[in-house]
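Residues in the sequence shown are numbered from 10 upward in steps of one, following the working numbering.
Note that the Cβ used here is the ideal one computed from N, Cα and C, for glycine as well.
Computed from a prediction, not measured in an experiment: that's the story for all the values here.
Remarks on the structure that follows.
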Amino acid sequence: MNFIQACFSEYESALVELLEDAGFTREQASVFLPEAAQGLATAFQNRDIELIMSAFGSEDPSLLLSNVDTNAIADNTRLTPEQVTTGIKAIAPLISRAFKHSSEGMVGAAISIASESKRNFKNITKKLFT
């Protein structure tokens, strides 16, 4: 399991709570989270380790957002691109803290993100949030 899968699995209820605090319904959060995980995995797969460390290591979501296809996530969730941006902004600080404290270390977590196979990733994340 790579860092993104582990993070979204381990912190599922906290992520949902952050999204609810940002105005999402529980249903919207349960649809958004697997797609956000997939979007992050796709955006950073085979990318430079330093970029991944910068994007995931910062609580400022701007580098995550500049690499993630918010329109694709919106299309898959029936949310607007603005709602997707709000959702990523809401969960970014928790993801950053988890990344910094990863048991694999930041470099290990970054490598797991860069080398993640997209095969079955969406199915795994959907199982986590349904």
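Thinking residue 118 and residue 111 are a contact (beta carbons under 8 angstroms), I'd like their distance in whole angstroms, please.
-> On the sequence shown, residue 118 is found 109 positions in, with the first residue counted as 1. On the sequence shown, residue 111 is found 102 positions in, with the first residue counted as 1. Contact holds; Cβ gap of about 4 angstroms.
Report the residue ranges of all alpha helix (DSSP H) runs contained in full by the stretch 78-128; include only those spanning at least 4 residues, in chain order.
-> Counting whole runs of 4 or more residues, the stretch 78-128 contains the alpha helix (DSSP H) stretches 79-86, 90-109 and 114-123.
Please confirm if the stretch 93-109 is in contact with the stretch 26-38, defined as three or more CB-CB distances below 8 angstroms between the two stretches.
-> The stretch 93-109 vs the stretch 26-38: in contact.
Identify the continuous alpha helix (DSSP H) that holds residue 76 and give its terminal residues.
-> For this step, residue 76 is matched to residue 67 along the sequence shown. 71-76 is the extent of the alpha helix (DSSP H) around residue 76.
Candidates 120, 47, 11 and 23, of which the one nearest residue 81 by Cα = Here residue 81 corresponds to residue number 72 of the sequence shown, with the count starting at 1. The shortest CA-to-CA distance from residue 81 to any of 120, 47, 11 and 23 is the one to 47.
6 angstroms Cβ shell around residue 86 - same chain, five flanking residues per side excluded = As a first step, residue 86 is located in the sequence shown; it is residue number 77 there, counting from the start. Closer than 6 angstroms at the Cβ level, and outside the excluded window around residue 86, lie 40, 41 and 44.
Does the pairing of the stretch 66-82 with the stretch 12-25 give three or more beta-carbon distances under 8 angstroms?
-> No, the stretch 66-82 is not in contact with the stretch 12-25.
May I ask you to report which of helix, strand or coil DSSP gives residue 63?
-> By one-based count along the sequence shown, residue 63 stands at place 54. Residue 63: helix per DSSP, three-state reduction.
Helix or strand or just coil, what does DSSP make of residue 34?
-> Along the sequence shown, read from residue 1 onward, the residue named residue 34 stands at position 25. In the structure shown, the three-state DSSP call for residue 34 is coil.
Which residue from 67, 15, 84 and 49 puts its Cα closest to that of residue 106?
-> Position 97 of the sequence shown, counted from the first residue, corresponds to residue 106. If we check each option's Cα against that of residue 106, 67 comes out closest.
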